[in-house]
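93 is the number that this note's numbering gives to position 93 of the sequence shown; each next residue is one higher, with no gaps.
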Amino acid sequence: MSFDTEAEARRFKAAKLKELAGRTVEEAVREHLTSMRERGLRESTIGRAERHLRRFFQLDRFDEEHGRVIPFGNPGGLLESLKPQRCEELYKALRADATVDTHRNELAAAKAFGDWCVEKNWLKDNPAKRVKPIGERNRGKPQLRIDETRKLVELCLELAEQEHVGAIAVLTALLLGLRASEVTDRVCRDLDDEGRLLWVPFGKTRRSKRALEVPELLSPYLLGLAEGRAPDAQLFGAGAVTYRRQPKRPRARDRYWVLAQVKTLCKRAGVPEVCAHSLRGLHATLATDAGATPHLVAQALGHGSIQVAEMHYTDRTAAHSARTRRVMGRLDTERLRTGMGVPVRALPAGAGNGDQ
1 MSFDTEAEAR RFKAAKLKEL AGRTVEEAVR EHLTSMRERG LRESTIGRAE
51 RHLRRFFQLD RFDEEHGRVI PFGNPGGLLE SLKPQRCEEL YKALRADATV
101 DTHRNELAAA KAFGDWCVEK NWLKDNPAKR VKPIGERNRG KPQLRIDETR
151 KLVELCLELA EQEHVGAIAV LTALLLGLRA SEVTDRVCRD LDDEGRLLWV
201 PFGKTRRSKR ALEVPELLSP YLLGLAEGRA PDAQLFGAGA VTYRRQPKRP
251 RARDRYWVLA QVKTLCKRAG VPEVCAHSLR GLHATLATDA GATPHLVAQA
301 LGHGSIQVAE MHYTDRTAAH SARTRRVMGR LDTERLRTGM GVPVRALPAG
351 AGNGDQ
């Protein structure tokens with residue numbers, strides 16, 4: 001065997017030595033994460049998987065000298081030495097200081113990693129496959145009541161008239177049933193057909209891809225956010241309004257920004273503080289109570305848990321339109337609109353205020 005360069009020979013030698021010595025768990029996890037990235041998964045998904053796997057396999061090391069945690073500071077032993085009993089021990093240790101949802105999620109990540117290693121022929125069997133998850137998950141989020149939701153919507157409408165981007169984001173999450181990340185991932189070109197449609201071309205699940213009809217109540221505010229901005233600009237980004245002191249490099253807003261807006265506005269409206277995902281659940285609850293069937297609710301929310309035939313954008317839009325009208329009817333938005341004393345209008349181009 002010959003090589004064109006010394007560098008190629010050295011790389012081949014290093015690879016062979018590594019193969020003979022055996023692959024560590026830490027090295028396998030890194031390669032698994034690289035594979036996820038090559039498959040086009042979202043960076044947030046990859047980062048979450050990395051945290052889960054580092055915790056499950058105890059791959060981090062605490063540097064006592066500098067008082068900090070070093071990610072992947074421990075090799076985790078040889079991958080081929082990873083046996084079912086060892087995975088049981090790791091899961092038991094994990095349960096000692098983690099909530100049920102957390103340790104079950106981390107076990108699920110370990111099982112997915114084991115399956116991937118089997119596919120790569122690095123392992124004969126998945127050592128985590130038969131580890132049973134312990135404890136009941138926390139299913140569902142605390143939700144606002146209908147009267148409380150009306151108070152929140154009324155406040156958001158008042159603030160939307162003042163160009164409060166956070167209030168418009170909360171309205172969007174509630175009225176369209178979007179995930180927080182689906183709100184912040186939207187760019188101006190996703191608002192289509194003169195503000196009547198909002199496209200969600202990607203998301204958490206395969207069924208996240210959909211187009212949603214925007215209620216007339218919300219459309220003017222979204223059009224105001226997009227007016228005069230680049231097609232690929234973040235719809236709810238810092239550039240949505242003109243600030244007195246515009247940052248030189250405005251940072252893209254993420255789902256945690258939506259969470260902060262929801263909590264702040266709930267507090268201002270005098271209603272219980274809920275999380276951003278609770279608004280999505282509330283949307284589904286209101287729609288179901290008003291007569292929408294469960295599969296239509298899951299379909300319009302882009303949820304993959306209910307097995308129905310794959311549909312095109314137009315079909316999903318039709319289903320979502322009916323469901324959105326039911327939600328709007330339950331909230332009696334016409335009463336809110338006329339009772340505020342201010343007309344619903346498109347946002348003018350002008351100065352904004354605060355960290356909206």
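Heads up, the beta-carbon is just placed ideally off N, CA and C, and yes, glycines get one too.
As assigned by DSSP and simplified to three states, the class of residue i
i       : result
Leu-191 : strand
Glu-161 : coil
Asp-101 : helix
Asp-4   : coil
Glu-182 : helix
Gln-234 : strand
Ala-211 : strand
Ile-168 : helix
Leu-174 : helix
Arg-137 : coil
Val-274 : coil
Glu-88  : helix
Arg-280 : helix
Leu-144 : coil
Ala-112 : helix
Ala-93  : helix
Glu-154 : helix
Arg-229 : coil
Glu-106 : helix
Arg-251 : coil
Element boundaries [alpha helix (DSSP H), containing residue i]
i       : result
Trp-122 : Looking at the DSSP string, Trp-122 is not in any alpha helix (DSSP H), and its letter there is neither H nor E.
Leu-33  : 25–38
Ala-128 : No alpha helix (DSSP H) contains Ala-128, which DSSP labels as neither H nor E.
Val-262 : 255–269
Ala-226 : 219–226
Assigned exposure category for residue i - 16 Cβ within 10 Å defines buried
i       : result
Lys-111 : buried
Ala-319 : Residue confidence for Ala-319 is low, a pLDDT of 48 falling below 50, so the modelled location carries little weight and cannot support an answer.
Gly-270 : exposed
Gln-246 : Confidence at Gln-246 is low in this model, with a pLDDT of 49, below 50, so the placement of that residue should be treated as unreliable; the coordinate-derived value is given next. Exposed, by the Cβ-count rule.
Thr-24  : buried
Ile-378 : Absent from the structure is residue 378, since the part of the chain shown begins at 1 and ends at 356.
His-283 : buried
Ala-96  : exposed
Thr-149 : buried
Ala-7   : exposed
Phe-57  : buried
His-66  : exposed
Asp-63  : exposed
Thr-45  : exposed
Tyr-221 : buried
Gly-76  : buried
Ser-219 : buried
Glu-163 : buried
Gly-224 : buried
Ala-9   : exposed
Asn-138 : exposed
Glu-216 : exposed
Ala-109 : buried
Thr-5   : exposed
Asp-232 : exposed
Ala-230 : exposed
Asp-190 : buried
Tyr-91  : buried
The beta strand (DSSP E) enclosing residue i, as first and last residue numbers
i       : result
Arg-68  : 68–70
Glu-50  : Note, Glu-50: premise wrong, no beta strand (DSSP E); alpha helix (DSSP H) at 43–56.
Arg-61  : 61–63
Leu-82  : Careful: Leu-82 lies outside any beta strand (DSSP E) and carries neither H nor E.
Val-200 : 197–200
Cβ-Cβ separation, residue j to residue i (assumed contact under 8 Å), whole Å
i       : j       : result
Val-183 : Val-258 : 5 Å
Gln-85  : Ala-169 : Contact doesn't hold; Cβ gap of about 48 Å is too wide.
Ala-98  : Gly-114 : With a Cβ gap of about 19 Å, Ala-98 and Gly-114 do not count as contacting.
Arg-268 : Leu-175 : Going by Cβ atoms, the distance from Arg-268 to Leu-175 rounds to 19 Å, so no, they are not a contact pair.
Phe-72  : Glu-26  : 5 Å
Ala-252 : Trp-122 : Contact flag wrong, Cβ pair sits at about 37 Å.
Leu-235 : Arg-179 : So it is not a contact: roughly 15 Å between Cβ atoms.
Ala-358 : Ala-167 : Residue 358 lies beyond the stretch modelled for the chain, which goes from 1 to 356, so this question has no answer here.
Residue i Cβ short of 7 Å to the ligand SAH heavy atom set
i      : result
Arg-68 : The ligand SAH is not part of this structure, which contains no ligands at all.
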